[in-house]
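K.L.:
First the structure, which I've put down as structure tokens, then a few questions once you've had a look.
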Amino acid sequence: MPDKRPVRIANSSGFYGDRMLAAKEMVEGGPIDFLTGDYLAELTMLILWKSRLKDPTAGYARTFLAQMEQVLGTCLDRGIRIVTNAGGLNPGALAEDLGKLAANLGLNPKIAHIEGDDLMGRIDDLLTSGHRLSNLDTGEGLKEAGITPITANAYLGARGIVRALEADAQVIICPRVTDASLVVGPAAWWHGWGWDELDRLAGAVVAGHIIECGPQATGGNYSWIDEIEDKRYPGFPIAEVANDGSSIITKHEDTGGLVSVGTVTAQLMYEIAEPEYVNPDVVAHFDRIHLTQVAPDRVLVSGTKGSPPPSTLKVAINYHGGFRNSMTMLITGLDIEKKAEWATDELFSILGGRGSFSEVDVRLTRFDRPDADSSELATAQLRISVKDQDPKKVGRQFSNAMMELALGGYAGFHTTTPPTPESAFGVYWPTLIPADLVTQKVWLPDGRTVIADPPSPTANFSDIPAAVRPQDVCSESWPSESRRLPLGTICAARSGDKGGNANVGLWTREQSSYTWLESYLTIPMLKQLLPEAEGLEIKRFSLPNLWAINFVIIGLLGEGVASSTRPDPQAKGLGEFIRSRSVDIPVVLLSEGY
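Under our numbering, the first residue of the sequence shown carries the number -15, and numbering increases by one thereafter.
And the structure:
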């Protein structure tokens, strides 16, 4: 029997709050078989928890309903199935509300939803049974740390999605499944793959990772901006997944942006660590991926290898970390540092000293320049953030104290905002749990419930030797003639966050530039380019098939985005900062004009 044609899986959301029109654009823009949407991140689970505190029937991504109102009828008419993780903390409630919306529209879709990821009711039993739920970054046990979780969700795989599709579900509402599972499930069901067909499953994981963040694969957040000739809002991505696990990444015709080897590489490097990309159903080996431009806006992704999944599932725990507040003072003209020091001392004198707070962060950012042509160009920012378990300390008591400097502080005092109240923040705690302790329960359209078969974990990464293992120093030598230029002259970058860690992927357009980058950009060199990483553990991984290097900087983001006081808490600009640093680049690698 010939292979079934590739399945066309379209993405319509990369986060909770993404482009509202994306679902309609993907459904009406051309033929697709599946419409997917990714709404969840570690921070999103906190947002959904807060909404459920106010309303027990909430806890899901409400924007999904608004999108479905626009496209549900068309999807049913055209046979387009919908798979989403918009269920968040309350997939059952979203399934019920979607049913009500459909009835109001005169529609009767077959809706399934999945449960089993939520471990909140089991934390005490797990701890009592000897599971420490240790933090993956620090090794500290949950009980020893005195942590009381407010959310705890295991990352589920795609097996529940497949069971729902086997029951002819037209809409599948998922909870906290891995982002890639939204593609793995449809692809595995469409082609009839077995769970032991690891290379095929791994290829689908890669396709899922590429399209999960929407237009980041089609020119969004792309370093080489001049390559993007059509600067309209980028079209959302489509993965055409073939029976062998390879895929074509593309987008609808007459949409903005670009699909190129570069834009696909950019998304492949986003928020990853080691090349062995672990998912609940398979481990995908990113260092074996090959990318080929086969036509305009069409990139072939092939060569991915898979190995069995591990015996554990990742769990995202969030807990209440306390309260925080930030205020920013503007300092103009002369004596910037003296003014900043005086303002800081004066403020904490009013507040009873820095020791009055559990955490203080003071950042003086120098945008100013001598003899500036405008006052804006002569101004620096002094941002002071405080954290504490007592909301009164960091609320108006803190911000009002800053306003006392208005007439009694440095010359030219003013702030970017009026006094602000405190806000609660959460802390992310990544951990692992034995996979056999988690059960996916699938609520089928006919009202029955079934259990998705668990994986058979026998992970052994050594079965597939990595193309290049992590390393610190390479021995390649280069001609001495060089030019002092930004590192981004020859490489692009994409950076992001995973809890308290940041990753930075850098890649080149050609082999010779990659060979130099691989030898030059060692861990010590990265620390020179990124002084704030000094003293932190850094991991380095090479992906030669992609002409790329990936760095993971442990602890750069503290306890994660929800609690960070950094101006860039998700490290979105970190890669572009590194590209801006000047280095000595061999002249032989430079194009004409340099």
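Every residue, glycine too, gets a C-beta built ideally from N, C-alpha and C.
So, for GLU26: in the same chain, excluding its five sequence neighbours on each side, which residues have a beta-carbon less than 6 Å away from its beta-carbon?
P.N.:
Within the sequence shown, residue 26 is the residue found at index 42, counting from 1. Taken in chain order, the residues that qualify are ALA300 and TYR412.
K.L.:
Which stretch, first to last residue, makes up the beta strand (DSSP E) that contains CYS59?
P.N.:
Looking up residue 59 in the sequence shown gives position 75. That residue, CYS59, is in no beta strand (DSSP E); its alpha helix (DSSP H) goes 47 to 62.
K.L.:
Leaving out five residues on either side along the sequence, give the residues of the same chain with a beta carbon under 6 Å from the beta carbon of ASP17.
P.N.:
Counting from 1 along the sequence shown, the entry for residue 17 is found at position 33. Excluding residues within five positions, the ones whose Cβ falls inside 6 Å are VAL(-9) and ARG(-8).
K.L.:
Say whether the region 154 to 170 touches the region 57 to 70, bearing in mind that this needs 3 or more beta-carbon pairs closer than 8 Å, one atom from each stretch.
P.N.:
These segments touch.
K.L.:
Could you pull out every residue in the same chain whose Cβ sits closer than 8 Å to the Cβ of PRO454, ignoring the five residues on either side in sequence?
P.N.:
Position 470 of the sequence shown, counted from the first residue, corresponds to residue 454. With a pLDDT of only 41 at PRO454, under the threshold of 50, the placement of this residue in the model should not be trusted, and no figure is reported.
K.L.:
Using 8 Å as the cut-off, can you tell me whether the region 264 to 282 makes contact with the region 392 to 402, which would need three or more C-beta pairs spanning the two stretches below that distance?
P.N.:
The answer is no - the region 392 to 402 does not touch the region 264 to 282, with fewer than three Cβ pairs under 8 Å.
K.L.:
Between GLN373 and ARG216, what straight-line distance do the alpha-carbon atoms span, to the nearest angstrom?
P.N.:
Walking along the sequence shown from the start, residue 373 turns up at place 389. Walking along the sequence shown from the start, residue 216 turns up at place 232. So the alpha carbons of these two residues sit roughly 46 Å apart.
K.L.:
Keeping to the same chain, check which residues put their C-beta closer than 7 Å to that of VAL346; ignore five residues upstream and five downstream.
P.N.:
In the sequence shown, the residue the question calls residue 346 occupies position 362. Here the set comprises THR328 and ILE368.
K.L.:
Ordered along the chain, which non-local residues of its own chain (more than five positions away) have a Cβ less than 6 Å from that of LEU32?
P.N.:
What you label residue 32 is simply residue 48 of the sequence shown in a count that begins at 1. The residues are GLY43, GLY72 and LEU73.
K.L.:
Which residues in the same chain as LEU132 place their Cβ atom closer than 7 Å to its Cβ, once the five residues preceding and following it in sequence are excluded?
P.N.:
Taking the sequence shown and counting its residues from 1, the one referred to as residue 132 is at position 148. Reading the sequence as shown, one finds Thr at residue 132 and not Leu. So the qualifying residues of the chain are TYR303.
K.L.:
GLN455 by DSSP, collapsed to three states: which one?
P.N.:
Here the question's residue 455 lines up with position 471 in the sequence shown. Its pLDDT being 46, under 50, GLN455 is placed unreliably in this model, and the value from its coordinates should be taken loosely. Coil.
K.L.:
Following the continuous alpha helix (DSSP H) through HIS236, name the residue where it begins and the one where it ends.
P.N.:
Taking the sequence shown and counting its residues from 1, the one referred to as residue 236 is at position 252. Unbroken run through HIS236: none, as it is neither H nor E.
K.L.:
Contact between the region 337 to 345 and the region 424 to 433: three or more CB pairs below 8 Å?
P.N.:
Flag = no, the region 337 to 345 and the region 424 to 433 do not touch.
K.L.:
Tell whether a beta-carbon distance below 7 Å holds between GLY105 and ARG116.
P.N.:
For the purposes of this step, residue 105 is taken as the residue at position 121 of the sequence shown. For the purposes of this step, residue 116 is taken as the residue at position 132 of the sequence shown. In this structure, ARG116 does not lie closer than 7 Å to GLY105 by Cβ.
K.L.:
Helix or strand or just coil, what does DSSP make of HIS304?
P.N.:
To locate residue 304, count along the sequence shown from 1; it is residue 320. HIS304: strand per DSSP, three-state reduction.
K.L.:
If we call anything under 7 Å between Cβ atoms a contact, is ILE474 one with THR492?
P.N.:
Numbered from its first residue, the sequence shown carries residue 474 at position 490. Numbered from its first residue, the sequence shown carries residue 492 at position 508. Cβ distance < 7 Å, so ILE474 and THR492 count as in contact.
K.L.:
Taking all protein chains shown into account, do 16 or more other C-beta atoms lie within 10 angstroms of the C-beta of ILE533, making it buried, or fewer, making it exposed?
P.N.:
By 1-based counting over the sequence shown, the position of residue 533 is 549. It is buried - the Cβ of ILE533 has at least 16 other Cβ atoms within 10 Å.
K.L.:
Can you tell me whether PHE332 is buried or exposed? The criterion is at least 16 other CB atoms within 10 Å of its CB, across all chains shown.
P.N.:
As a working mapping, residue 332 is identified with position 348 in the sequence shown. That one is buried.
K.L.:
Just the C-alpha distance for PHE351 and GLU255, rounded to the nearest angstrom, thanks.
P.N.:
Counted from its first residue, the sequence shown places residue 351 at position 367. Counted from its first residue, the sequence shown places residue 255 at position 271. Rounded to whole angstroms, PHE351 to GLU255 spans 30 Å at the Cα level.
K.L.:
Tell me the DSSP bridge mates of HIS269?
P.N.:
Taking the sequence shown and counting its residues from 1, the one referred to as residue 269 is at position 285. In DSSP, HIS269 forms a bridge with GLU260 and LYS289.
K.L.:
In whole angstroms, what is the alpha-carbon distance linking THR112 and SER295?
P.N.:
Counting from 1 along the sequence shown, the entry for residue 112 is found at position 128. Counting from 1 along the sequence shown, the entry for residue 295 is found at position 311. Whole-angstrom Cα-Cα distance: 20 Å.
K.L.:
I'd like to confirm the pairing. Which residues does DSSP put opposite LYS298 in its beta bridges?
P.N.:
For the purposes of this step, residue 298 is identified with residue 314 of the sequence shown, where counting begins at 1. BP columns for LYS298 point to LEU416.
K.L.:
Which residue comes first and which comes last in the alpha helix (DSSP H) that contains HIS97?
P.N.:
The residue given as residue 97 occupies position 113 in the sequence shown. Taken as a continuous stretch (DSSP letters only), HIS97 belongs to no alpha helix (DSSP H), being part of the beta strand (DSSP E) at 95 to 99.
K.L.:
Once you ignore the five residues that flank PRO75 on each side, which residues in its own chain have a CB closer than 8 Å to its CB?
P.N.:
Counting from 1 along the sequence shown, the entry for residue 75 is found at position 91. Here the set comprises TYR44, HIS97, ILE98, GLU99, ILE157, CYS158 and PRO159.
K.L.:
Please report the distance separating the alpha-carbon of LEU593 from that of ASP163.
P.N.:
Beyond the ends of the chain as shown, which are -15 and 578, falls residue 593; an answer cannot be given.
K.L.:
Along the beta strand (DSSP E) that carries SER566, what are the first and last residues, could you check?
P.N.:
Numbered from its first residue, the sequence shown carries residue 566 at position 582. Here the beta strand (DSSP E) through SER566 covers 566 to 570.
K.L.:
Just to confirm my understanding: we take PRO418, look at its own chain, exclude 5 residues before and 5 after, and list those with CB closer than 7 Å. What are they?
P.N.:
In the sequence shown, counting from the first residue as 1, residue 418 sits at position 434. Once the five neighbours on either side are set aside, the close Cβ partners of PRO418 are SER295 and THR296.
K.L.:
Is the separation between the beta-carbon of GLU388 and that of ILE334 shorter than 7 Å?
P.N.:
Residue 388 sits at position 404 when you count from the first residue of the sequence shown. Residue 334 sits at position 350 when you count from the first residue of the sequence shown. A contact, by the Cβ cut-off of 7 Å.
K.L.:
In terms of residues, what are the limits of the alpha helix (DSSP H) holding TRP326?
P.N.:
Here residue 326 refers to the residue found at position 342 of the sequence shown. TRP326 -> alpha helix (DSSP H) spans 320 to 335.
K.L.:
Is DSSP giving PHE(-1) helix, strand or coil here?
P.N.:
Mapped onto the sequence shown, residue -1 falls at position 15. Correct three-state label for PHE(-1): coil.
K.L.:
For HIS175, name the three-state secondary structure that DSSP assigns.
P.N.:
Numbered from 1 along the sequence shown, position 191 holds the residue referred to as residue 175. Of the three classes helix, strand and coil, the one that applies to HIS175 here is helix, per DSSP.
K.L.:
Report, in whole angstroms, the separation of the C-beta atoms of ARG147 and VAL434, which I expect to be a contact under 8 Å.
P.N.:
One-based indexing of the sequence shown puts residue 147 at position 163. One-based indexing of the sequence shown puts residue 434 at position 450. So it is a contact: roughly 6 Å between Cβ atoms.
K.L.:
Would you give the residue range spanned by the beta strand (DSSP E) that LEU469 belongs to?
P.N.:
Here the question's residue 469 lines up with position 485 in the sequence shown. 466 to 470 is the extent of the beta strand (DSSP E) around LEU469.
K.L.:
My output table needs one value for PHE445: the three-state DSSP class, helix, strand or coil.
P.N.:
What you label residue 445 is simply residue 461 of the sequence shown in a count that begins at 1. In this predicted model, PHE445 has a pLDDT of only 43, less than 50, meaning its place in the structure is not dependable; the value taken from the coordinates is given anyway. Correct three-state label for PHE445: helix.
K.L.:
Taking SER291 and LEU182 to be in contact with their CB atoms under 8 Å, please state how far apart those CB atoms are, rounded to whole angstroms.
P.N.:
Counted from its first residue, the sequence shown places residue 291 at position 307. Counted from its first residue, the sequence shown places residue 182 at position 198. About 6 Å separates the two Cβ atoms, so the contact holds.
K.L.:
Hey, how far is the Cα of GLY489 from the Cα of ILE232?
P.N.:
What you label residue 489 is simply residue 505 of the sequence shown in a count that begins at 1. What you label residue 232 is simply residue 248 of the sequence shown in a count that begins at 1. Cα-Cα distance, rounded: 22 Å.
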